[in-house]
Structures are given as structure tokens and as C-alpha cells.
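Going by this note's numbering, the residue at position 235 of the sequence shown is 243; the numbering climbs one at a time, nothing skipped. Backbone N, C-alpha and C define an ideal beta-carbon position, used for all residues, glycine too. Computed from a predicted structure; not experimentally measured. Have a look at the structure below before the remarks.
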Amino acid sequence: MPSAVNELSAVAALPVEVAGLLKRFGNLTALDGVSLRLEPGQCLGLLGPNGAGKSTLIRAIVGRVLPDSGQVRIFGAEAGTAAARQSLGWIPQELAIYPRLTCRENLVSFGKYQGLSSARLAEQVAWCLKWAALEDRAGDPAGKLSGGMKRRLNMAAGIIHKPRLVLMDEPTVGVDPQSRNRIFEMIEHLRSEGMSILYTTHYMEEAERLCDRIAIIDHGRIIAEGSNEELVRSAFGTRSEVTARFTGTQDAIAAWVEQRGGRLSEGTAQFTVTRPAEIAPLLDEASTRGIGIEDVSLRRPNLESVFLHLTGRELRD
9 MPSAVNELSA
19 VAALPVEVAG
29 LLKRFGNLTA
39 LDGVSLRLEP
49 GQCLGLLGPN
59 GAGKSTLIRA
69 IVGRVLPDSG
79 QVRIFGAEAG
89 TAAARQSLGW
99 IPQELAIYPR
109 LTCRENLVSF
119 GKYQGLSSAR
129 LAEQVAWCLK
139 WAALEDRAGD
149 PAGKLSGGMK
159 RRLNMAAGII
169 HKPRLVLMDE
179 PTVGVDPQSR
189 NRIFEMIEHL
199 RSEGMSILYT
209 THYMEEAERL
219 CDRIAIIDHG
229 RIIAEGSNEE
239 LVRSAFGTRS
249 EVTARFTGTQ
259 DAIAAWVEQR
269 GGRLSEGTAQ
279 FTVTRPAEIA
289 PLLDEASTRG
299 IGIEDVSLRR
309 PNLESVFLHL
319 TGRELRD
């Protein structure tokens with residue numbers, strides 16, 4: 009049986025441990041007792057509507073926000089300390105690169121900020137340029153790069169010191185599909201090397217593809233956590249999701265959808281059923297109400313279904 013000391017050591021080795029985090033800004037409670045753990049080598053997705061507390065939580069982990077109570081530890085070190093910063097890489101949503109410096113000069117500058125020695129700095133700059141597929145643009149000013157290239161350089165600058173943990177705050181925002189796929193490959197490479205990742209995104213398909221586990225935050229609280237499959241099963245069990253578009257008076261459609269326990273979002277009604285045979289009576293009832301059927305489909309609920317079910321809001325709301 010493990011001793012209390014051994015259990016404490018195991019907890020201290022966690023890449024991220026957040027316990028009872030509380031943060032208020034005046035009358036606004038941004039974080040309301042948040043607790044969260046990131047296991048070694050895991051990619052944990054953090055999802056939540058705008059204003060849910062994601063940014064405050066990320067900044068508390070980085071050490072930029074001091075909580076009113078609670079604790080954040082990075083591999084056992086208190087957030088904001090030198091030991092925590094050494095183990096942590098942060099890739100912010102806003103581009104944090106120097107437009108007039110070349111790609112190589114940017115990486116050299118950020119490497120020096122991290123205290124890398126000359127030998128290791130040269131090695132890491134070469135590795136980052138290759139990882140970000142920017143070797144042939146190493147001498148180009150960052151300001152002349154495409155949007156996707158700037159994103160990749162931004163990511164490379166955040167991990168120039170090869171940290172054991174990296175926080176990625178919407179790293180694919182504003183990039184084209186081809187650049188997004190390249191960034192996915194970069195992230196998957198880090199995962200293959202055992203790096204622990206805390207990932208925030210507004211794209212559900214990214215979380216489903218990249219993340220081992222997902223935590224959903226709303227109104228400053230973690231309201232659900234688990235793998236994609238666990239979250240779907242917890243929210244919907246074995247039920248399936250019916251999506252339908254109707255024609256008719258919008259007020260009448262909205263009232264009927266609500267009466268039947270469905271949800272209307274951007275003109276599309278969503279219901280859950282246990283058996284496909286339940287669809288026909290549902291549509292028959294709509295018809296008797298004078299509501300026409302434009303389109304209908306059946307699918308298993310996904311992460312987006314869970315998010316809407318739990319928060320009642322789109323991810324960007």
C-alpha cells in the first residue's frame with residue numbers, strides 16, 4: 009500500500025494541478041472553485057463559451073493572474089515561480105512575434121529570454137524551424153509571412169526551450185484549412201514525444217481529434233470532464249440525435265420544439281430519441297400542427313451536442 013509521502017509525490021509530478029481556484033474581479037466571479045488535473049503526456053481540451061472563465065484559468069496557470077484562493081501547481085511548483093516557468097510553454101492566441109525580425113532571429117530572441125545556452129540555443133532554433141516547416145523561410149522577416157506561417161512561428165517561439173508542458177490558446181484561429189492541418193501535425197508530433205498539452209479551442213472537431221480528455225467550463229465552474237465518449241454517454245446514454253429543419257411560422261415552430269423537449273438553434277431543431285422508430289410520430293405531430301418538413305437526419309450525439317446540452321449556448325456565444 010503506497011504511503012502518504014508517495015501519494016504526495018505522485019500528485020506533485022502532475023503537469024498541472026488546479027485545486028479550488030477562486031478569482032473575482034469586483035462583483036464578477038471569473039473562477040468559482042475550479043479544480044483540474046492534467047496527467048503526464050495527456051492532451052486536455054478546455055472548452056467553454058466566451059466569458060466562461062477559460063482565459064482567467066489559463067492566465068492563472070501561467071502565473072499572470074493571482075487567485076483569491078486555491079492553488080495552481082506545475083509539476084509540483086507553484087504557478088509563477090521560476091521552476092514552473094521553466095517547465096511551461098505558453099502559446100497565446102494573440103501573435104507574439106517580432107514582425108521586423110526574421111524567423112531565425114525571432115527564435116533566437118525567445119530562446120535567450122528562456123536562458124538557453126549558445127549550443128542549446130542553436131540546436132533548438134534548428135529543431136523549431138524544422139518542426140514548424142519554416143526552414144526555407146528562416147531568413148525572411150516574420151511580418152512578410154502568411155497568416156498560417158506566422159501562427160507556426162508563434163508556436164515555435166512558445167516552445168523554443170522544449171518545455172514538458174505547453175498551454176495552447178486557440179493556436180489555429182484565423183488560419184486556412186491547409187495551415188490548420190499542418191498545425192495538427194505539429195501538435196501530434198509533440199504528443200508523440202510525450203509532451204503534456206492544455207488546449208483551448210472554439211472548434212469542436214479539433215478537440216475531438218487532438219484531446220484525450222475534455223473539460224467544459226461555464227460560469228467559472230468545471231461542469232463536465234471526461235473523454236469524448238464518456239461525455240456523450242453521460243449526457244445522452246444510448247440515445248441518438250434527430251436534427252430537422254421545418255417550414256412554417258417561426259414562432260409556432262419554436263413553441264412546438266420547446267414543447268417536445270427539443271432545442272432550436274439557427275433554424276435547426278434538435279431532439280433526442282432512444283429508437284429510430286420514434287422519428288415518424290414526431291414528424292407526424294409536426295405535420296398536424298401545420299409545420300412542414302424541409303430536412304431530417306439521425307446521428308449519434310457528438311461533442312457539440314454535449315456542449316449545447318450542458319451550456320445551452322454555442323461555443324462562441
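Whole angstroms is fine: what's the gap from S77's alpha carbon to G61's? Indexing the sequence shown from 1 puts residue 77 at position 69. Indexing the sequence shown from 1 puts residue 61 at position 53. Distance between the alpha carbons of S77 and G61: 15 Å.
Margin query: On the DSSP bridge list, what partners appear for K31?
Written below: As a working note, residue 31 is residue 23 in the sequence shown. Partner(s): L39.
Checklist entry - Which class does A18 belong to by DSSP, given the choice of helix, strand or coil? => result Position 10 of the sequence shown holds residue 18. Reliability of the predicted coordinates at A18 is poor, the pLDDT of 43 falling under 50, and no value is obtained from them.
**First and last residue of the uninterrupted beta strand (DSSP E) at G256** = What you label residue 256 is simply residue 248 of the sequence shown in a count that begins at 1. Segment: none, G256 is in no beta strand (DSSP E) and carries neither H nor E.
Check your understanding: Going along the chain, which residues of its own chain have a beta-carbon closer than 8 Å to the beta-carbon of G234, five neighbours each way excluded?
Key -> The residue labelled residue 234 in the question sits at position 226 within the sequence shown. Excluding sequence neighbours, G234 sits near R221, I222, S242.
CB-CB under 7 Å to A104, same chain, minus the five flanking residues each way: which ones, in chain order?
As a working note, residue 104 is residue 96 in the sequence shown. Closer than 7 Å at the Cβ level, and outside the excluded window around A104, lie N162, A165.
Exercise. Look at the alpha carbon of S11 and the alpha carbon of V70, and state the distance between them as a whole number of angstroms.
Key: On the sequence shown, position 3 is the one that residue 11 refers to. On the sequence shown, position 62 is the one that residue 70 refers to. Bear in mind that a pLDDT of 44 at S11, under 50, signals an unreliable position, so the number given afterwards is only what the model happens to contain. Approximately 31 Å between the Cα atoms of the pair.
Per DSSP, what kind of secondary structure is A141 in: helix, strand or coil?
The residue labelled residue 141 in the question sits at position 133 within the sequence shown. A141 falls in the coil class under three-state DSSP.
Notebook entry, point to check: Where E178 and T251 are concerned, what is the direct C-alpha to C-alpha distance, given to the nearest angstrom?
Noted result: Mapped onto the sequence shown, residue 178 falls at position 170. Mapped onto the sequence shown, residue 251 falls at position 243. The alpha-carbon atoms of E178 and T251 are separated by roughly 29 Å.
- Mapping DSSP to helix, strand and coil, what is M203? Translated into the one-based positions of the sequence shown, residue 203 becomes position 195. If DSSP states are grouped into helix, strand and coil, M203 belongs with coil.
For this session: Measure the Cβ-Cβ separation of L198 and I205 and say whether it is below 8 Å.
Result: Counted from its first residue, the sequence shown places residue 198 at position 190. Counted from its first residue, the sequence shown places residue 205 at position 197. Their beta carbons are under 8 Å apart, which means L198 touches I205 by this criterion.
Exercise for the section: Return the first residue and the last residue of the beta strand (DSSP E) that T276 is part of. Expected result: Taking the sequence shown and counting its residues from 1, the one referred to as residue 276 is at position 268. Note, T276: beta strand (DSSP E), 276-281.
*Would you list the one or two residues that DSSP bridges to P48?*
On the sequence shown, residue 48 is found 40 positions in, with the first residue counted as 1. P48 is not bridged to any residue.
Review point. Roughly how many whole angstroms lie between the Cα atoms of T257 and A277?
Key: Taking the sequence shown and counting its residues from 1, one reaches residue 257 at position 249. Taking the sequence shown and counting its residues from 1, one reaches residue 277 at position 269. The straight-line gap from Cα to Cα measures roughly 14 Å.
- Rounded to whole angstroms, what's the CA-CA distance from V265 to I287? Just pull it up for me. The sequence position of residue 265 within the sequence shown is 257, counting from 1. The sequence position of residue 287 within the sequence shown is 279, counting from 1. For V265 and I287, the distance between alpha carbons rounds to 14 Å.
### Task
Identify, in the order they occur along the chain, each residue of the same chain with its Cβ nearer than 6 Å to the Cβ of P309, setting aside the five sequence neighbours on each side.
For the purposes of this step, residue 309 is identified with residue 301 of the sequence shown, where counting begins at 1. Excluding sequence neighbours, P309 sits near V240, F244, E249.
query: What's the call for T319, buried or exposed, on a 16-neighbour Cβ count within 10 Å?
result: The residue you call residue 319 lines up with position 311 of the sequence shown. When all chains shown are included, T319 counts as buried.
Q.
So the candidates are Y121, E113, L124; which of them puts its Cα closest to the Cα of L137?
A. As a working note, residue 137 is residue 129 in the sequence shown. With distances taken between Cα atoms, L137 lies closest to E113.
From what residue to what residue does the beta strand (DSSP E) around I225 run?
Mapped onto the sequence shown, residue 225 falls at position 217. I225 -> beta strand (DSSP E) spans 221-226.
Subject >> Burial state of Q132 (16 or more Cβ within 10 Å) >> reply: Working through the sequence shown from its first residue, we reach residue 132 at position 124. Q132 should be labelled buried.
Exercise. To the nearest angstrom, how far is it from the Cα of A87 to the Cα of V304?
Worked result: On the sequence shown, position 79 is the one that residue 87 refers to. On the sequence shown, position 296 is the one that residue 304 refers to. Each residue's Cα considered, the two are about 50 Å apart.
**Prompt:** Just the Cα atoms here: how many angstroms apart are L115 and I168?
**Reply:** For the purposes of this step, residue 115 is taken as the residue at position 107 of the sequence shown. For the purposes of this step, residue 168 is taken as the residue at position 160 of the sequence shown. In a straight line, the C-alpha of L115 is about 7 Å away from that of I168.
Checklist entry - In whole angstroms, what is the alpha-carbon distance linking I301 and S295? => result For the purposes of this step, residue 301 is identified with residue 293 of the sequence shown, where counting begins at 1. For the purposes of this step, residue 295 is identified with residue 287 of the sequence shown, where counting begins at 1. Going from the Cα of I301 to the Cα of S295 covers about 8 Å.
Can you list the beta strand (DSSP E) stretches of 3 or more residues lying completely in the segment 88-174, in chain order?
96-99
Does V70 come out as helix, strand or coil in the three-state DSSP assignment?
Position 62 of the sequence shown holds residue 70. If DSSP states are grouped into helix, strand and coil, V70 belongs with the helices.
Notebook entry, point to check: So is the beta-carbon of V174 under 7 Å away from any non-hydrogen atom of the ligand SAM?
Noted result: In the structure on display, the ligand SAM does not appear, and there are no ligands present to speak of.
| said: On the DSSP bridge list, what partners appear for E86? | reply: Your numbering for residue 86 matches position 78 in the sequence shown. Note: E86 sits in a beta bridge opposite R81.
Please classify T246: does DSSP put it in a helix, a strand, or coil?
As a first step, residue 246 is located in the sequence shown; it is residue number 238 there, counting from the start. Residue state, collapsed to three classes: coil.
| message | Which residue marks the beginning of the beta strand (DSSP E) containing S313, and which one marks its end? | response | In the sequence shown, counting from the first residue as 1, residue 313 sits at position 305. Per DSSP, S313 belongs to no beta strand (DSSP E); it is in the alpha helix (DSSP H), 311-319.
Proximal residues to I32 (C-beta, below 8 Å), its chain only, five neighbours per side dropped
Your numbering for residue 32 matches position 24 in the sequence shown. What sits at residue 32 in the sequence shown is Arg, not Ile. So the qualifying residues of the chain are A38, D76.
**Asked** For S235, which of helix, strand or coil comes out of DSSP?
**Response** On the sequence shown, position 227 is the one that residue 235 refers to. S235: coil per DSSP, three-state reduction.
State yes or no: is the C-beta of P171 within less than 8 Å of the C-beta of G119?
-> Against the sequence shown, residue 171 aligns to sequence position 163. Against the sequence shown, residue 119 aligns to sequence position 111. No, these two residues do not count as a Cβ contact at 8 Å.
For this session: Go ahead and pull the three-state DSSP assignment for I230.
Result: In the sequence shown, the residue the question calls residue 230 occupies position 222. In the structure shown, I230 sits in a strand (DSSP, three-state: E or B).
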